[in-house]
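Numbering (my numbering), first residue to last: 1 to 375. Glycine is no exception: its CB is placed at the ideal position from the N, C-alpha and C atoms. Taking it in order: structure first as structure tokens, then the write-up.
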């Protein structure tokens, strides 16, 4: 998170933290394990009232930020989601709302997303997807005044419970995006299992789904820049969420190490653990720094934004899991029980590590960027 927040940002963060503490305690999160949706709709609507869904949307579109940089404000919400292992489709709904706003689609769909009455799912990833946006397997063919979608997207967050699916696919000449209402004929969704207790995903198959041309979001075949920005935005949010989970687990483990005694001494007094805590603290602070740097670069449209986002995703994905696994080991046997809270943060970080490109995929993306810039 940013070291210095404005009073409005501080209020936004504090309000969200209090709300999540009251409405998403860990005992409720455990109960959501078997809930097919993974979150309560009324909870989500109240979160929307706090501004969660509107930060990436312009004032003309019915949104607005507290600092003038909506993405930076949204990372504060994402960080709190990580610290509480909170439920709710924050990332996909925010991305879909931002895409509609950027395309000037200020209609009832965007209004429903902003109010929390509707949920959006971004269908980007496909089997074998590795962060490269070129040539997706799903096709979007323009046929007169209609478009036809054919292919499969997986995993798509909250797909089975979404009111709108924003689908990214290949059109002759480039990428296109189509807003598909839930229940459209030809769309089938198979629920997938998730390591996270509250995040739900689906495999979405589009069998020659035909929609009016007006369903296309942005110019057909010319959405590559918009999709790239959406990807960067989603990764920035996921990074902030993972860093929040890292911080919660680290604080919990430090407290445990001072309270837990072994051979008459607190665990925190042993030299080996002191060294390990020093490593963990360095990973945590570095995660904060690189996540913030990437968020600022994307918010400001910096030339190196794509590079910084992938560096951050690779670093946080690798060292976030190192930190959380160490937290589990330091806790000992209790750290691997379902009744302890630690696994909630481990699950959230492990899920975020695999979504939107693994650390290895983003290291490859950094290499590709360097080669591209050198040509």
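Which word fits residue 201, buried or exposed, when buried means at least 16 other C-beta atoms lie within 10 angstroms of its C-beta? Within the chain shown, numbered from 1, the residue matching residue 201 stands at position 201. So residue 201 counts as buried.
Taking DSSP's pairing of strands, which residues face residue 122 in a bridge? The count along the chain shown starts at 1 and reaches residue 122 at position 122. Bridge partners of residue 122: 166.
Roughly how many whole angstroms lie between the Cα atoms of residue 80 and residue 144? Start at 1 with the first residue of the chain shown, and residue 80 comes out as number 80. Start at 1 with the first residue of the chain shown, and residue 144 comes out as number 144. When rounded, the distance between both Cα atoms is 46 Å.
On the CB-based measure, 16 or more other CB atoms within 10 Å of its CB, does residue 153 come out buried or exposed? Here residue 153 refers to the residue found at position 153 when the chain shown is read from its first residue. The residue is buried, with at least 16 neighbouring Cβ atoms inside 10 Å.
Which runs of the alpha helix (DSSP H) at least 4 residues long sit entirely within the stretch 202 to 290? Give them in chain order. 224 to 259
Residues bridged to residue 153 [DSSP beta-bridge criterion]: For the purposes of this step, residue 153 is identified with residue 153 of the chain shown, where counting begins at 1. DSSP lists 204 as partners of residue 153.
Residues bridged to residue 181 [DSSP beta-bridge criterion]: Counted from its first residue, the chain shown places residue 181 at position 181. Residue 181 pairs with 164.
Host alpha helix (DSSP H) of residue 95 (start-end): Here residue 95 is taken as the residue at index 95 of the chain shown, counted from 1. Segment 90 to 102, the alpha helix (DSSP H) holding residue 95.
Is residue 385 buried or exposed, if buried means 16 or more other CB atoms sit within 10 Å of its CB? There is no way to answer for residue 385, as the model of the chain reaches only from 1 to 375.
Closest to residue 135 by CA distance: which of 224, 181, 366 and 57 is it? The residue you call residue 135 lines up with position 135 of the chain shown. Looking at the Cα atoms, 224 is the closest of the given residues.
Determine the burial state of residue 176: buried for a count of at least 16 other Cβ atoms within 10 Å of its Cβ, exposed for fewer. Here the question's residue 176 lines up with position 176 in the chain shown. By the neighbour-count rule (16 or more Cβ atoms within 10 Å), residue 176 is buried.
Cut-off 8 Å between Cβ atoms - residues of its own chain near residue 5, not counting five sequence neighbours on either side: Translated into positions along the chain shown, residue 5 becomes position 5. Excluding sequence neighbours, residue 5 sits near 13 and 76.
Suppose you measure from the CA of residue 252 to the CA of residue 241; what does that come to, to the nearest Å? Indexing the chain shown from 1 puts residue 252 at position 252. Indexing the chain shown from 1 puts residue 241 at position 241. Rounded to whole angstroms, residue 252 to residue 241 spans 17 Å at the Cα level.
Which class does residue 328 belong to by DSSP, given the choice of helix, strand or coil? Within the chain shown, numbered from 1, the residue matching residue 328 stands at position 328. Three-state result, residue 328: helix.
Between the Cα of residue 65 and those of 11, 228, 334 and 82, spot the shortest distance and give me the residue it belongs to. The count along the chain shown starts at 1 and reaches residue 65 at position 65. Among 11, 228, 334 and 82, the Cα nearest to that of residue 65 belongs to 11.
Does the beta-carbon of residue 313 have 16 or more other beta-carbons within 10 angstroms, so that it is buried, or is it exposed? Your numbering for residue 313 matches position 313 in the chain shown. So residue 313 ends up on the buried side.
Closest Cα partner of residue 123 within the set 158, 285 and 289: By one-based count along the chain shown, residue 123 stands at place 123. Of the candidates 158, 285 and 289, the one whose C-alpha sits nearest the C-alpha of residue 123 is 158.
Where residue 330 and residue 254 are concerned, what is the direct C-alpha to C-alpha distance, given to the nearest angstrom? Residue numbering aside, residue 330 sits at position 330 when the chain shown is read from its first letter. Residue numbering aside, residue 254 sits at position 254 when the chain shown is read from its first letter. Cα-Cα distance, rounded: 9 Å.
Per-residue burial, residue 354 [other beta carbons within 10 Å of its own, 16 or more giving buried]: For this step, residue 354 is matched to residue 354 along the chain shown. Residue 354 should be labelled exposed.
Between residue 140 and residue 120, is the Cβ-Cβ spacing less than 8 Å? Stepping through the chain shown from its first residue, residue 140 is reached at position 140. Stepping through the chain shown from its first residue, residue 120 is reached at position 120. Going by C-beta atoms, residue 140 is not nearer than 8 Å to residue 120.
To the nearest angstrom, how far is the alpha carbon of residue 359 from that of residue 309? Along the chain shown, one-based indexing puts residue 359 at 359. Along the chain shown, one-based indexing puts residue 309 at 309. Roughly 11 Å separates the two Cα atoms.
If residue 51 and residue 116 are in contact, beta carbons under 8 Å, what's the gap, nearest whole angstrom? For this step, residue 51 is matched to residue 51 along the chain shown. For this step, residue 116 is matched to residue 116 along the chain shown. No, residue 51 and residue 116 are not in contact; Cβ-Cβ is about 11 Å, not under 8 Å.
Nearest to residue 290 (by Cα), restricted to the options 316, 111 and 155: By one-based count along the chain shown, residue 290 stands at place 290. Nearest option by C-alpha distance: 316.
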